[in-house]
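According to my numbering, the sequence shown holds residues 2 to 142 in order.
Each remark here refers to the structure printed beneath this line.
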Amino acid sequence: MDVSATEELYSDQYTTVYFLLVQKIAVVKVHNAFVPMSNYREALRQIAGFAEQRQINKLIIDAQNLVAYHRPSVDWSFTDWKRQAFNYGLSVYCYVLPRNEEYQKKLKNEIQRINNANPELGFLKQIRISFCDSLDEAIME
2 MDVSATEELY
12 SDQYTTVYFL
22 LVQKIAVVKV
32 HNAFVPMSNY
42 REALRQIAGF
52 AEQRQINKLI
62 IDAQNLVAYH
72 RPSVDWSFTD
82 WKRQAFNYGL
92 SVYCYVLPRN
102 EEYQKKLKNE
112 IQRINNANPE
122 LGFLKQIRIS
132 FCDSLDEAIM
142 E
């Protein structure tokens, strides 16, 4: 798979967002063990705008470097941001998580809790979320 054709869309000290030109996939690469909520929100806001402009329907979140997730950030991304992104056509999410079973279990349980607690968010049933072991696997997913 050729991922050499990329364009950087956004970057700060915590994340880089780039676009795989051939596959038309956005990727968020997390650089640090933790991303402050304000930086996380800004990176996702940038992606929503690009999703609308470039007709991106798939986002890969490469969070292998994280050691903890921030529950309010996860809640916001599912209840607020994903609704906006869905309206722009973004409906497929692939998470590349740290190789830490406890982290993975906690995040998956949190996503399930959000889905169960927000039945009014019907769009959540229309998006596809997968968890992959590598960036290559996520691209192929």
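Positions of the beta carbon are idealized from the N, C-alpha and C atoms, including for glycine.
On a predicted model such as this, the values are computed, not experimentally measured, just so you know.
query, result
"Going by the DSSP bridge assignment, what does ALA27 pair with across the sheet?", "PHE20 and LEU60"
"Mind reading off the beta-carbon distance from SER74 to TYR41? Whole number of angstroms is fine, and I expect it under 8 Å.", "5 Å"
"How is SER135 classed by DSSP in three states: helix, strand or coil?", "coil"
"So, LEU108 versus LEU98, is the Cβ gap smaller than 8 Å?", "yes"
"Around the C-beta of ALA126, are 16 or more other C-beta atoms found within 10 angstroms, so that it is buried, or is it exposed?", "Here residue 126 turns out to be Lys, not Ala, going by the sequence shown. Per the 10 Å Cβ criterion, exposed."
"In whole angstroms, what separates the C-alpha of PHE79 from that of ILE112?", "8 Å"
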